[in-house]
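Enquirer: Pasting in a structure now, in structure tokens, and then I'll have a few things to ask.
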Amino acid sequence: MSRALNRVGSAFLCVLIFLNFVAAAKAQKQSRNGDRKGRDTWTAEEYSGLRSEKDLQAALASKGFAWITGSPADNEKLSVGKNAQFFGFVALRYQSGRAANRGTLGRAVFAIADEAQRKRMAEAVVGEKPALLEWWAVREEILTLLEDHLYTGQPIDREKLMPLGERFALLNSMVAVREATAFAAFEDSLSDEQRDLMTAWRADAESAGKFGNGVRVEADGVGREDLKQLEDLYAKAFSWFTGKPEDNEIIPIGQPAQFFGFVSIRHKSGHAASRGTIAKDFFALLEDEQRSSITEAVDAEVPVVREFLENRHLFLEQLAVLRSDPAAFDEERVHRLSAAMGRLEMEAACIEAEAYRKIRASLSDDQMDAVMAMRGDYVLDETQVATLDLKQRGATLAILCSGCHGLPGQHRVGMPAPNLDGFWDRPIASGPSFDYSDALKEVGRSQGEKWTPELLDRFLAGPKKFAPGTKMEFQGLLNPEDRQALIEHLKTSRR
């Protein structure tokens, strides 16, 4: 009975997701903090699964900007966890207000796993590797076909693309099935103590840091290059064990068709780039007819992605069968669903690629100069930065901060990071209208009441190392001269 009710709930939520493709979301997007004044709207737009027309336009505009201004190498970039994304971690990120850290949770689950459980997970990583390697190779072929259209204007060869899409999705589903099988066996072997710990971490993701911080995931037979993948499997297993079926329905706003290089901008900006800000600034540079290419693409893509999600929902039901009744798993049905998802994802990719090509071909020289300069606001050229003096370097690096924190005097409630104005003169982790992590609050208690240049230097060198459990996405500045320049700039600009 409970599984039947869960399926009804899952289907109902899926319908809600579909409806959000054709009308703006009326329900307020909430994180774990509900109606708090400083709600992180960036997280809601990216991870909540609610897709208003505005959200979809922002997604396509940001992807179009990334593709037009980037290079083929940028399109190859994907984060760990972007394959076999069927286990609810995206929903967990949203529900936790970004406090759920993939690495921390993966290491925490590894830390409490027994030897048999660890062996099972290691076998899954080793077993899925051939399919993953082929998945990457097929993705390269897809990128080549799409990029040929962008740079030459030649029509996209759908006769080649559609079979590639089917194979791409089938390989992804093969990985997912192998992982789900391992997760189901892992779940069956959980002790009461392990279940209690995971339940507590679900309620308070930061508390997993007590088990995950300082732990290194390792396993006999797993190469060093695959340890991050193994860590990710533990994180996905955690979100599947502790979540609800409807959590698995949620995909990021940039999916499907994640072929256009936005992930690279996120990485090269140290995770400081905001999709909404980029989309808004890019739209402002376009003429009305160019903007209409985006809005028309959204309209064309809505029914395609709706059908994609319908097939994905049915695929998720098959993964759930591996958890509840493995003998009932229908491999042939999974193959059919995978092929359908692959074709639909390629159709969405074509709609977007053709819109982005149309915009690129119509950009004036001045517009192209402006969009490339805009990319420089998010992706800094290390060679160019090295030629600047201390003052210029600090001001340039501060641009990265403004993506999340806002420019001086221009912070808005709902930004994904706190207001930096006046931060030198107030206690650490005490800015208005922002839900700071427990990790940063602990820094304030243990290191002193206020930031000092020395403390900030340590923080900027590696935020997650300095304050394990921090929600800050920025990866850090490794160059001491860069940190010095930024700190000197902040001394004068944020008083």
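Residues 0 to 494 in numbering that gives the first Met the number 0 are what the sequence shown spells out, letter by letter. Backbone N, C-alpha and C fix where the C-beta goes; we use that ideal spot for every residue, glycine too. All values reported here derive from a predicted model rather than from experimental measurement.
Based on Cα-Cα distance, which residue from 310, 158, 457 and 337 lies nearest to residue 478?
Expert: Nearest of 310, 158, 457 and 337 to residue 478, Cα basis: 457.
Enquirer: Note down the Cα distance separating residue 91 from residue 249, rounded to an integer number of angstroms.
Expert: One C-alpha to the other measures close to 10 Å.
Enquirer: Counting only the same chain and skipping the five closest in sequence on each side, list residues whose C-beta sits under 8 Å from that of residue 63.
Expert: Here the set comprises 259, 281, 293, 351, 354, 355 and 358.
Enquirer: Taking buried to mean at least 16 other C-beta atoms within 10 Å of its own C-beta, is residue 101 buried or exposed?
Expert: The residue is buried, with at least 16 neighbouring Cβ atoms inside 10 Å.
Enquirer: Rounding to the nearest angstrom, what Cα-Cα distance links residue 289 and residue 365 in this structure?
Expert: So the alpha carbons of these two residues sit roughly 15 Å apart.
Enquirer: Spell out a yes or no on whether the segment 125-134 and the segment 158-175 are touching, meaning 3 or more CB-CB pairs, one atom from each, closer than 8 Å.
Expert: These segments touch.
Enquirer: For the pair the segment 211-230 and the segment 94-110, tell me if three or more CB-CB distances fall below 8 Å.
Expert: Touching, yes, given that three or more Cβ pairs across the two stretches are closer than 8 Å.
Enquirer: Tell me whether residue 479 sits in a helix, a strand or coil according to DSSP, three-state version.
Expert: If DSSP states are grouped into helix, strand and coil, residue 479 belongs with the helices.
Enquirer: Figure out for me which residue from 180, 141, 96 and 81 has the closest Cα to the Cα of residue 326.
Expert: Checking every option, the nearest Cα to that of residue 326 belongs to 180.
Enquirer: Buried or exposed: where does residue 490 fall if 16 or more other Cβ atoms within 10 Å of its Cβ makes it buried?
Expert: Residue 490 should be labelled exposed.
Enquirer: Roughly how many angstroms lie between the CA atoms of residue 234 and residue 323, to the nearest whole one?
Expert: Cα to Cα, the separation comes out at about 21 Å.
Enquirer: CA-CA distance, residue 228 and residue 424?
Expert: If you take the alpha carbons of residue 228 and residue 424, they lie about 42 Å apart.
Enquirer: Tell me where the alpha helix (DSSP H) around residue 462 begins and ends.
Expert: Here the alpha helix (DSSP H) through residue 462 covers 462-465.
Enquirer: Taking 7 Å as the limit between beta carbons, can you name the residues of its chain near residue 25, skipping five residues before and five after?
Expert: Residue confidence is low: residue 25 scores 34 on pLDDT, short of 50, so the model does not pin down where it sits. No coordinate-derived value is stated.
Enquirer: Go ahead and label residue 27 buried or exposed: buried means 16 or more other beta carbons lie within 10 angstroms of its beta carbon, across all protein chains shown.
Expert: Reliability fails at residue 27, whose pLDDT of 35 lies under 50, so the model's placement of it is uncertain and no value is given.
Enquirer: In the DSSP assignment, what residue or residues form a beta bridge with residue 53?
Expert: None; residue 53 has no bridge partner.
Enquirer: On a CA-only basis, which of 277, 315 and 453 is nearest residue 405? Give me that one, please.
Expert: Nearest option by C-alpha distance: 277.
Enquirer: Within 10 angstroms of the Cβ of residue 389, are there 16 or more other Cβ atoms? Answer buried if so, exposed if not.
Expert: Per the 10 Å Cβ criterion, exposed.
Enquirer: DSSP state of residue 118, grouped into three classes?
Expert: Note: residue 118 maps to helix in three-state DSSP.
Enquirer: Report the residue from 285, 305, 186 and 403 whose alpha carbon sits nearest the alpha carbon of residue 275.
Expert: With distances taken between Cα atoms, residue 275 lies closest to 403.
Enquirer: Quick one: Cα of residue 204 to Cα of residue 328, how far?
Expert: Each residue's alpha carbon lies about 32 Å from the other.
Enquirer: Grab the span of the alpha helix (DSSP H) containing residue 257 for me, first residue to last.
Expert: Run containing residue 257: none; DSSP gives neither H nor E here.
Enquirer: Indicate, with yes or no, if the ligand NAD has a heavy atom lying under 7 Å from the CB of residue 404.
Expert: This structure does not include the ligand NAD; it has no bound ligands of any sort.
Enquirer: Please classify residue 368: is it buried, with 16 or more other beta-carbons within 10 angstroms of its beta-carbon, or exposed?
Expert: Exposed: under 16 other Cβ atoms inside 10 Å.
Enquirer: Could you give the distance in angstroms between the alpha-carbon of residue 225 and the alpha-carbon of residue 118?
Expert: Distance between the alpha carbons of residue 225 and residue 118 is about 14 Å.
Enquirer: Can you name, in chain order, every residue of its own chain whose Cβ lies under 7 Å from the Cβ of residue 184, other than the five neighbours on each side?
Expert: The residues are 119.
Enquirer: Closest to residue 461 by C-alpha separation, out of 452, 451, 475 and 448, would be which residue?
Expert: With distances taken between Cα atoms, residue 461 lies closest to 475.
Enquirer: Any chance you could list the alpha helix (DSSP H) runs of at least 4 consecutive residues sitting entirely within the segment 284-335, in chain order?
Expert: Entirely contained in the segment 284-335, the alpha helix (DSSP H) runs reaching 4 residues are, in chain order, 287-323.
Enquirer: Mind pulling the beta strand (DSSP E) runs of 3 or more residues that sit fully within the segment 408-452?
Expert: Segments of the beta strand (DSSP E) lying fully in the segment 408-452: there are none.
Enquirer: Enumerate in chain order the residues of its own chain whose CB-to-CB distance from residue 212 is below 6 Å, with the five nearest sequence positions on each side excluded.
Expert: Hits under 6 Å: 467.
Enquirer: How is residue 112 classed by DSSP in three states: helix, strand or coil?
Expert: Correct three-state label for residue 112: coil.
Enquirer: Could you give the distance in angstroms between the alpha-carbon of residue 94 and the alpha-carbon of residue 330?
Expert: The alpha-carbon atoms of residue 94 and residue 330 are separated by roughly 32 Å.
Enquirer: Would you mind sorting residue 166 into buried or exposed? The rule is 16 or more other CB atoms within 10 Å of its CB.
Expert: So residue 166 counts as buried.
Enquirer: Are residue 453 and residue 427 close, meaning C-beta to C-beta below 8 Å?
Expert: Result no, Cβ atoms of residue 453 and residue 427 do not sit closer than 8 Å.
Enquirer: Quick one: Cα of residue 140 to Cα of residue 392, how far?
Expert: Near 39 Å, if we compare the C-alpha coordinates of residue 392 and residue 140.
Enquirer: Could you say which of 335, 265 and 361 lies nearest to residue 286 if we only look at CA atoms?
Expert: Out of 335, 265 and 361, 361 has the C-alpha closest to the C-alpha of residue 286.
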